[in-house]
Structures are given as C-alpha cells and as structure tokens.
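Beneath this line is the structure, given in structure tokens, with notes to follow.
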Amino acid sequence: MESDAINKKIDLKLGRFGQSEATAPSAELVDKIMADTGTSSFERLSKQEPSCWFGEWGVCCRMCYMGPCRIQSARFKNGVTRGVCGATADTIVARNLLRETVGGAASHGEHAFEIAETLKLVATGSIKGYEIKDREKLHSVASRLGITTENRNDNDIALDVAEVTMADFSKMDGMPIRWVKGYAPSSSIKKWEKLGIVPSNSLNPIMNAMHRTSMGNDADSVNIMLADLKMGIIDGYSGLTPSTELSDILFGTPEPVKSIANIGVIKEDYVNLAIHGHNPLVAEKVVEWAGNLNEEAKKLGAKGINLVGVCCSGNEVLMRHGVPMAANEMQAELAIATGALDAMVVDFQCIWPVLGEVAACYHTKLITTMPYVKIPGADHVEFNVEHADEAARTIVEKALEAYKKRDPSRVLLSKKVEPVVGGFSYESIVKLLSKIDTNEPLKPLINSIVSGDVYGIVGIVGCPNPKLRRELYTERMIKHLLKNNVLVLVTGCIAHISAQEGFLNPEKVDEFEIGDKLKAVLKLLGETGGLKSLPPALHMGSCVDNSRIGMLVKAISEKLNLEVSQLPVIASAPELIAEKAVAIGTWALSIGLPVHTAPELHIEGSKAVKGILSDTLKNLTGAETFTELNPEAAADKMIQLIKEKRESLGLPA
Ligand code: NFS
Ligand code: SF4
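First residue of the sequence shown? That's 0 in numbering that gives the first Met the number 0, and the numbers climb one at a time after it.
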C-alpha cells in the first residue's frame with residue numbers, strides 16, 4: 000500500500016519527464032519507462048525524499064570510523080556542536096566542499112591527461128587512428144604556452160604541447176603551471192599570486208587536499224577554502240581548458256552547425272546508436288566507424304546507421320559533426336525506453352549505473368569502454384587509442400547485431416524534434432564578429448555591451464537535476480534573462496535542455512519574448528553569418544568547453560583592461576548535480592565571476608563557509624556565490640548584479 004501511495008505521487012511528478020508540455024515526448028513514452036522497467040529518475044528521487052538535511056547542509060562527516068558524525072547545532076539551538084574528534088560544522092562543511100571540488104578536478108584532469116597522452120602518440124607517429132586535424136589551433140595553443148613554432152614541423156610542436164600539458168600534472172620546478180600562464184586572465188593570476196594559490200602542478204594539490212581533509216588535519220575553514228580555490232584553478236587549467244584545446248587540435252575547432260534535438264531524433268527505420276559520456280577519443284572513432292559500416296545496416300534492411308548524442312559527448316559530436324542531440328544525462332534511460340535504441344556506447348562520467356538494468360529490459364546493448372568504468376549488465380569493449388579502430392568497429396557491429404533483435408511491438412517513438420544551431424566555439428564567435436570589424440573583432444560585442452544592447456552575459460552551465468526539472472527551472476530562468484536583453488551562453492546538459500525548448504533554434508527568435516535590443520543584436524549577427532538570426536542562446540559545447548567561455552571572458556577583460564569581476568558577466572549552474580559542476584563553479588569563482596547555484600552547495604550548515612563564498616571572496620577574487628531556488632528570482636538577482644557592475648563602470652544601467 001505504501002508503495003502504491005509513492006507511485007501515485009510519482010505519477011504526478013513524472014509528468015512530462017522534465018520537459019515542457021510542448022516539447023515533451025508523448026505521454027505514453029513517459030509512462031512506458033515505468034511500465035517496462037519499473038523505475039525512472041523521478042521515481043527513484045521521490046523514494047529518496049525528503050533528503051537527509053545533514054548531507055544537504057554539508058554537516059555529515061564520514062572521514063573516520065569514530066563517526067559518522069552529524070552536527071545538529073547548525074539547525075537546532077541546543078543540538079550537538081562537535082564530532083567525536085571535536086570538528087565543528089565550519090570544519091566539516093569546508094572539508095566536504097573541498098573533497099567535492101577534488102572529485103570534479105580529478106575527473107576533468109584525467110580527461111585532459113588522456114587526450115594529451117594521445118596527442119603525444121600522434122606526434123611521435125606511434126598510433127595510426129588519430130591525426131592533427133586543426134593546425135591553426137595547434138599553433139595558437141603552442142604560442143599561448145610559450146612554445147616556439149617558427150621553422151618547426153607540426154609533430155614537433157604537438158609533441159611539446161603534449162609534454163608541457165602532461166608535465167603540468169607533476170612537474171617539480173615550483174613555477175606556475177603553464178596552462179595558467181597561457182589561458183588565465185592576467186588580472187586573476189595577479190590575485191592568485193597574492194593569495195599564494197597558483198598551482199605549480201596539479202596532482203600534488205589533489206593529494207594534499209585529500210590529506211588535509213582527512214581526520215585530524217586542517218580544521219581552519221578559511222585555510223581549507225583557499226585550497227578549494229586552488230582546486231578550482233586546477234580544474235580550469237589542467238582540466239577544462241586543455242581538454243577543449245587539445246580535442247580541437249585532434250578533431251577540429253567547432254563552427255556553427257545545424258542539427259536537431261530531442262528524443263524524436265531516434266528513428267524507426269535506422270540502426271540507432273547513442274554516444275554517451277565525455278571522451279571524444281571514443282566518440283570520434285564511433286562516428287567514423289558508423290560511417291564506415293553504414294552499408295552493413297542497409298544489408299539488414301535498415302536505412303542506415305543513425306547516431307544520436309547523449310550528454311557531453313552528445314554536445315561534442317553535435318559541435319563537430321552535426322550529430323543530433325537525443326537526450327541529456329537524466330533522459331538517457333528514456334532514450335533506451337523507446338525500444339528502438341539498438342546500442343548505447345559509454346565511456347566515463349555521468350553514466351548512471353541504472354542504465355545496465357534499463358537496457359536489460361530491451362534488446363539494447365549498453366557498451367562500456369573504459370577499464371575504470373564498468374557497469375553490471377553492460378557489454379565491455381575495452382577502448383584504448385592504440386586499438387581504437389578495432390574497438391570502434393566492434394562497438395558499431397554490436398549495434399548492428401542488436402538491431403536484428405529489435406522487437407517492433409515494444410517500440411514507441413516520439414515525433415518531436417527541434418531544429419538547432421550549435422557549434423559556437425570562441426574562435427567561431429571571433430570569426431563571426433570579424434566580419435563586422437576585421438581589425439578588432441571583439442569590438443562589436445564590446446560596443447553592444449557598452450551601449451546596453453547586450454545588457455550582460457550569463458554562462459549557464461551544468462546539469463539537469465530531477466529535483467528542479469519538475470518545475471522546468473532552467474527554461475524559466477533563461478526566458479527571464481532573454482526578456483531582459485541578457486546574452487545567454489549554454490554548455491553541458493543545459494545545452495540539451497535549451498535545444499529541446501527551442502533556445503538553440505534561430506527560427507524561434509521571434510517566438511520567445513526576447514528583449515528588443517538583444518533580439519536586434521542576435522538578428523544582425525545571424526545575418527552576418529548567413530543565418531536568419533543567431534539562436535536565442537549560444538551553444539558553446541560540453542562541460543569542459545566552459546573553457547571556451549573562459550577564453551571569451553579573458554579576451555574581453557584584457558581588451559578592456561578590466562578585471563573579470565568588473566565585467567557584467569555571471570555564471571550560473573541552475574540545476575547543479577555533479578562534483579564536476581562544483582569544480583567548474585569554483586574555477587569561475589577563482590577568476591572572479593559571480594556564481595549562482597541551485598540547489599545550494601552543501602554549505603548551509605556553516606556560517607563561516609557561507610560567509611566566505613558569498614562575501615569574503617569579493618575581496619579576494621571579486622567573486623561571490625548566491626543561491627536562489629525560484630528561477631525568475633534567480634534571473635532577477637543576476638540582472639541586479641549586472642546592473643551594479645554596469646553602474647560602477649559608468650555604463651547605462
Ligand atoms: Ni557536465 Fe557532462 Fe551533464 Fe552535468 Fe554530467 S553530462 S560534464 S556534469 S550531467 S552537465
Ligand atoms: Fe566524526 Fe571527526 Fe571522524 Fe569526522 S573526523 S567522522 S567529525 S570523529
């Protein structure tokens with residue numbers, strides 16, 4: 000009976016699987032996942048609710064076996080104030096937050112390192128399957144890293160780029176990591192030097208962070224939070240930025256590209272293969288082999304192989320190949336529940352363990368590829384760059400094999416697809432602007448900001464959180480910003496949400512209520528680039544591609560000789576889930592951007608940590624965090640912050 004009651008509650012919440020009425024796949028498909036698998040993200044969430052407040056507030060400590068300890072005083076007057084060792088809420092909250100940031104920085108770091116290793120193998124001619132696709136990017140990266148390019152061949156340059164990148168992880172010369180010098184805003188570096196938080200390599204601080212947060216070490220929340228900022232810098236310049244830049248060298252720098260989005264991109268008469276995860280080394284090879292084996296699909300009676308993208312790999316293959324965007328992270332299971340997805344290949348990060356179980360309810364093959372990411376119920380095809388072609392071929396063959404077993408009676412497809420234009424790399428934006436001003440391409444954008452035609456810029460990044468999906472948090476926040484002439488940049492799963500809602504569709508520029516001034520800018524720039532308009536929001540890529548936003552911010556701040564924190568630019572993670580998103584937010588704070596999050600970071604239990612993030616930080620990097628659980632109010636708060644920044648620059652507010 001109790002479970003009946005829960006299921007009733009779920010029905011309401013399940014609603015439209017976190018999409019608006021207009022964009023959601025059929026109600027039947029949404030019901031189908033529960034009927035076929037007995038589970039869904041909303042159902043699992045509702046069984047976890049209400050969340051444990053100790054965890055939510057960050058005051059649960061499991062750092063040792065005298066605990067777990069929970070600090071009640073954060074919420075209740077006469078509650079317990081210390082753990083067994085005496086740790087207070089401030090200590091525990093700060094330690095937990097630093098560990099979250101470490102989780103994110105380690106993820107992005109390993110992502111970058113694997114690509115650097117591959118670039119090295121390419122440069123030395125040790126592997127065949129990959130090549131340098133973008134020379135221009137190679138040279139630009141080399142020059143930012145201070146590597147000579149004159150009279151040298153590309154392989155030698157690439158070898159230096161790869162080695163400098165890899166050395167940043169473990170070098171012992173005590174000098175700042177090279178990617179910081181080449182890519183961080185110069186005013187930010189000066190501040191970090193004063194604070195003593197410029198990393199000289201990126202692995203030691205990760206080890207140090209795990210050490211200092213273990214039982215009986217750093218108890219000073221200010222000291223711990225400085226380590227947290229340093230971890231943010233590592234995330235930005237040993238994780239995000241090299242991941243993006245080296246991927247561009249190997250696979251090309253994105254240019255605006257047209258495609259489609261939503262679950263409806265899965266097609267009945269094709270072999271459907273979804274690419275899910277984050278590793279372009281895998282995704283790119285699968286794209287290549289789907290092309291090579293397309294005729295094989297026809298021999299099976301299908302019209303060909305239909306590749307579709309999920310989460311960040313989805314963003315990257317959209318940006319570089321126009322592959323349709325099927326689903327954000329939490330919709331991956333819905334894509335399988337169509338019964339028409341023949342295989343889903345995954346690599347690392349944001350791959351929910353439940354996918355093994357869900358795939359087992361259908362003919363769908365879930366294929367894991369990384370030695371350190373295996374999932375019960377999945378087939379494992381080990382992927383390494385030395386044998387990338389064989390692995391990619393096997394993966395596509397598994398999709399073909401599975402297609403034969405598809406049961407048409409269990410297929411339910413959605414017809415809804417939304418046109419999108421994505422692929423706005425930093426370089427492509429500069430290129431577009433240079434059509435207006437060849438000599439000083441950033442000037443037209445800066446002029447629009449100065450005049451107020453673009454009131455400000457908000458980078459909206461991160462994940463779809465089922466807690467906030469129920470109320471379409473992101474869509475509502477973006478609409479409110481657009482209304483107020485704020486230029487919206489999106490990445491990660493927020494880009495999927497935006498695509499499904501129509502924010503990436505240039506045709507919809509008149510459909511949404513967009514401020515007249517911003518609309519005119521979007522239309523002018525669109526026409527300059529040969530489109531009817533730019534889309535209401537610009538898709539700048541995957542989560543590591545937040546580095547592209549970073550490059551834009553650096554360029555604007557240095558062009559104007561202003562600190563990043565003076566610019567009317569804000570970062571927002573409106574449906575934060577992952578530790579990676581925490582790390583990205585911490586990086587944004589380190590360079591001086593205000594950061595909005597919803598839900599709140601796990602810091603409510605500590606006045607000290609909250610105070611550092613929302614206030615003290617203003618004097619350190621110029622940044623601050625704020626939380627607002629109502630999407631319109633969050634947008635209003637951003638607009639207010641932009642207004643204040645504009646006023647202090649003497650711009651029309
Ligand atoms: Ni970013 Fe990409 Fe999505 Fe969140 Fe996960 S896929 S790396 S963490 S959930 S946006
Ligand atoms: Fe409790 Fe301290 Fe151990 Fe944490 S480190 S579990 S607060 S005794």
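The beta-carbon is built from N, C-alpha and C at its ideal position, and this holds for glycine as well.
Cβ-based burial, residue i [other Cβ within 10 Å; buried from 16]
i, result
"residue 210", "exposed"
"residue 134", "exposed"
"residue 628", "exposed"
"residue 65", "exposed"
"residue 51", "exposed"
"residue 80", "exposed"
"residue 112", "buried"
"residue 645", "buried"
"residue 0", "The predicted model places residue 0 with a pLDDT of 36, which falls under 50 and marks its position as unreliable, so this point remains unresolved."
"residue 172", "exposed"
"residue 483", "buried"
"residue 213", "exposed"
"residue 651", "exposed"
"residue 20", "exposed"
"residue 369", "buried"
"residue 308", "buried"
"residue 299", "exposed"
"residue 466", "buried"
"residue 347", "buried"
"residue 16", "buried"
"residue 189", "exposed"
"residue 142", "exposed"
"residue 43", "exposed"
Three-state secondary structure assigned by DSSP to residue i
i, result
"residue 201", "coil"
"residue 594", "strand"
"residue 138", "helix"
"residue 6", "No answer about residue 6 holds up, because its pLDDT of 46 lies below 50 and its placement is not dependable."
"residue 556", "helix"
"residue 469", "coil"
"residue 118", "helix"
"residue 459", "strand"
"residue 83", "coil"
"residue 282", "helix"
"residue 446", "helix"
"residue 333", "helix"
"residue 421", "strand"
"residue 438", "coil"
"residue 257", "strand"
"residue 88", "helix"
"residue 492", "helix"
"residue 569", "strand"
"residue 339", "coil"
"residue 274", "strand"
"residue 625", "strand"
"residue 111", "helix"
Between the CA atoms of residue j and residue i - distance to the nearest angstrom
i, j, result
"residue 278", "residue 462", "17 Å"
"residue 607", "residue 73", "11 Å"
"residue 310", "residue 394", "19 Å"
"residue 421", "residue 524", "15 Å"
"residue 7", "residue 40", "Confidence at residue 7 is low in this model, with a pLDDT of 45, below 50, so its placement is unreliable and the value that follows should be read with caution. Straight-line Cα distance between these residues: approximately 15 Å."
"residue 564", "residue 364", "48 Å"
"residue 506", "residue 255", "15 Å"
"residue 381", "residue 342", "16 Å"
"residue 359", "residue 178", "44 Å"
"residue 158", "residue 544", "23 Å"
"residue 166", "residue 99", "25 Å"
"residue 549", "residue 36", "41 Å"
"residue 598", "residue 253", "32 Å"
"residue 195", "residue 552", "23 Å"
"residue 145", "residue 85", "49 Å"
"residue 305", "residue 274", "11 Å"
"residue 412", "residue 647", "53 Å"
Where are the alpha helix (DSSP H) runs, 4 residues long or more, that stay fully inside the segment 523-553, in chain order?
-> none
Go through the residues and name those whose CB comes closer than 5 Å to any heavy atom of the ligand SF4, in chain order.
-> 60, 62, 63, 65, 66, 68, 82, 83, 84, 86 and 214
Quick one: complete beta strand (DSSP E) runs, 3+ long, within the segment 284-324?
-> 304-309
Fully enclosed by the segment 18-46, which alpha helix (DSSP H) runs are 4 residues long or longer?
-> 26-36
Those runs of the alpha helix (DSSP H) which lie wholly inside the segment 156-231 and span at least 4 residues = 177-182, 185-194 and 202-211
At which residue ranges does the segment 344-408 contain complete beta strand (DSSP E) runs of 3 or more residues, listed in the order of the chain?
-> If only uninterrupted beta strand (DSSP E) runs of at least 3 residues are considered, those enclosed by the segment 344-408 are 364-367.
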